[in-house]
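K.L.:
I'd like to ask you about the structure that follows.
In the working numbering, the protein residues as written are 5 to 323.
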């Protein structure tokens with residue numbers, strides 16, 4: 005089994021608002037924080053001591069410089085991060101409700117990551133690979149979509165586990181049916197799938213996870229992670245399930261919380277020596293332990309601002 009978690013997709017700057025509980029036009033200032041779901045998942049895994057690498061493209065601009073510098077500081081391998089002057093680095097402005105939940109406004113038309121092509125994938129990206137993670141933000145009708153398709157095929161060939169968090173961002177898709185069709189096209193390619201309580205109705209037509217599971221266990225999918233915000237999280241294989249409640253804590257910012265859950269769960273799988281073939285053999289006790297670990301990881305994260313910067317280390321988790 006390989007050691008490295010690789011992720012493909014966007015790395016961007018999240019602009020976090022100074023105030024919670026107000027609309028965009030009422031925010032007085034924004035603070036830049038490195039984000040983007042694939043980058044965040046790498047950040048969580050790296051914070052816990054794992055080896056990670058990111059496949060993306062940044063603009064040749066100060067925001068790209070900032071992302072590169074901070075990712076390297078977090079211990080993420082940026083060897084395969086390309087730079088271009090054909091488009092700028094993606095930006096996302098965030099507004100926060102009183103409960104810490106977010107609304108996004110993206111500056112990405114196009115952004116540098118969207119122009120990343122299959123030809124830019126290097127063989128070194130797939131060496132010593134434990135898992136490849138991806139999301140739906142970069143699956144629109146542009147070159148990065150085909151880069152995903154090629155990367156998934158190469159990772160599968162290398163024996164890596166494939167992980168998918170749709171991480172739906174409706175403002176990026178003028179056609180919601182196109183988003184649904186694309187997610188359902190890529191979903192069967194994954195071994196591990198993460199969905200939230202806000203996403204299952206859109207993807208499956210079901211509001212109950214038990215009714216939705218048969219529609220999620222398709223293709224290669226062997227493990228479904230289901231996150232429910234304050235209600236906790238569940239993990240399901242076809243044979244077993246696990247659950248962990250969520251501790252009630254003051255929430256400052258939920259940005260990157262789902263990515264933190266994903267990255268920390270993948271880290272626990274690696275620590276347990278579980279590859280794609282071993283997912284179906286996970287027991288209820290193992291699933292409970294893994295979901296509990298990721299819930300505790302997120303509990304710490306949401307009390308801080310931003311994504312990777314708020315993620316705890318293993319020591320901070322008391323492990």
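Just so it is clear, CB atoms sit at the ideal spot from N, CA and C, and this is done for glycine as well. These numbers were taken from a predicted model, which means no experiment stands behind them.
Are the beta-carbon atoms belonging to residue 60 and residue 15 less than 7 Å from one another?
P.N.:
Taking 7 Å as the Cβ cut-off, residue 60 and residue 15 qualify as a contacting pair.
K.L.:
Looking only at its own chain, which residues have a Cβ that is under 7 Å from the Cβ of residue 1, when we skip the five neighbours before and after it?
P.N.:
There is no way to answer for residue 1, as the model of the chain reaches only from 5 to 323.
K.L.:
Using the C-alpha atoms, what's the distance from residue 187 back to residue 172?
P.N.:
So the two alpha carbons sit approximately 9 Å from each other.
K.L.:
I need the straight-line Cα distance from residue 47 to residue 114, nearest angstrom please.
P.N.:
One C-alpha to the other measures close to 25 Å.
K.L.:
I'd like to confirm the pairing. Which residues does DSSP put opposite residue 11 in its beta bridges?
P.N.:
Note: residue 11 sits in a beta bridge opposite 58, 137.
K.L.:
Kindly indicate which residue of 259, 18, 156 has the alpha-carbon position closest to the one of residue 334.
P.N.:
Look at the range of the chain in this structure, 5 to 323, and you will see that residue 334 is not part of it.
K.L.:
Which full runs of the alpha helix (DSSP H) of 4+ residues lie inside the stretch 175-237, going along the chain?
P.N.:
Listed in chain order, they are 180-190, 204-208, 213-220.
K.L.:
Exposed or buried, what is residue 141 when buried is set at 16 or more other beta-carbons lying within 10 Å of its beta-carbon?
P.N.:
With 16 or more Cβ atoms within 10 Å of its Cβ, residue 141 is classed as buried.
K.L.:
Mind reading off the beta-carbon distance from residue 311 to residue 37? Whole number of angstroms is fine, and I expect it under 8 Å.
P.N.:
Contact flag correct, Cβ pair sits at about 7 Å.
K.L.:
If you drop the 5 nearest sequence neighbours on each side, which residues of the same chain put their C-beta closer than 6 Å to that of residue 247?
P.N.:
Correct list, in chain order: 238.
K.L.:
Do residue 51 and residue 7 have their CB atoms nearer than 7 Å?
P.N.:
In this structure, residue 7 does not lie closer than 7 Å to residue 51 by Cβ.
K.L.:
For the stretch 166-180 against the stretch 74-81, do three or more pairs of beta-carbon atoms, one drawn from each stretch, fall closer than 8 Å, so that the two count as touching?
P.N.:
The stretch 166-180 vs the stretch 74-81: no contact.
K.L.:
Hey, would you say residue 226 sits closer than 7 Å to residue 20, going by beta carbons?
P.N.:
For residue 226 and residue 20, no; Cβs fall outside 7 Å.
K.L.:
Would you mind working out which of 298, 303, 306 sits nearest residue 49, comparing C-alpha positions?
P.N.:
For the residues 298, 303, 306, the minimum Cα distance to residue 49 belongs to 298.
K.L.:
Within this structure, are the beta carbons of residue 116 and residue 62 separated by less than 7 Å?
P.N.:
Their beta carbons are under 7 Å apart, which means residue 116 touches residue 62 by this criterion.
K.L.:
Consult DSSP for residue 146 and reduce its assignment to one of helix, strand or coil.
P.N.:
DSSP places residue 146 in coil when its eight states are reduced to three.
K.L.:
Looking only at its chain, what residues have a beta carbon closer than 7 Å to the beta carbon of residue 256, apart from the 5 residues adjacent to it on each side?
P.N.:
These residues qualify, in order along the chain: 104, 306, 307, 308, 309.
K.L.:
Name the DSSP bridge partner or partners of residue 81?
P.N.:
In DSSP, residue 81 forms a bridge with 57.
K.L.:
Look at the Cβ atom of residue 13, then the Cβ atom of residue 139, and state whether they are nearer than 7 Å.
P.N.:
Cβ atoms of residue 13 and residue 139: closer than 7 Å.
K.L.:
Report yes if the C-beta of residue 48 is less than 6 Å from at least one heavy atom of the ligand MG; otherwise report no.
P.N.:
With respect to small molecules bound, the structure shown includes none, and the ligand MG cannot be examined in it.
K.L.:
Just to confirm the assignment, what range does the alpha helix (DSSP H) spanning residue 295 have?
P.N.:
Run containing residue 295: 288-305, per the alpha helix (DSSP H) assignment.
K.L.:
I think residue 302 touches residue 267, with their Cβ atoms under 8 Å apart; what is that distance to the nearest whole Å?
P.N.:
At roughly 10 Å, the Cβ-Cβ gap does not stay under 8 Å, so residue 302 and residue 267 are not in contact.
K.L.:
Which residue wins for smallest C-alpha separation from residue 234, given the options 250, 41, 243?
P.N.:
Considering only alpha carbons, the answer is 250.
K.L.:
Whole angstroms is fine: what's the gap from residue 213's alpha carbon to residue 240's?
P.N.:
Their backbone Cα atoms lie some 10 Å apart in a straight line.
K.L.:
Apart from the five residues on each side of it in sequence, which residues of its chain come closer than 6 Å, Cβ to Cβ, to residue 136?
P.N.:
So the qualifying residues of the chain are 10, 159, 164, 166.
K.L.:
Excluding the 5 residues preceding and the 5 following residue 277 in the sequence, name in chain order all residues of the same chain whose CB lies nearer than 7 Å to its CB.
P.N.:
Taken in chain order, the residues that qualify are 5.
K.L.:
So if DSSP puts residue 45 in a beta bridge, which residue, or which two residues, is it bridged to?
P.N.:
According to DSSP, residue 45 bridges with nothing at all.
K.L.:
Quick check: the Cα distance between residue 192 and residue 107, rounded to an integer number of angstroms?
P.N.:
Near 29 Å, if we compare the C-alpha coordinates of residue 107 and residue 192.
K.L.:
Over the uninterrupted beta strand (DSSP E) stretch that includes residue 269, give me the two end residues.
P.N.:
Here residue 269 belongs to no beta strand (DSSP E); instead the alpha helix (DSSP H) covers 261-275.
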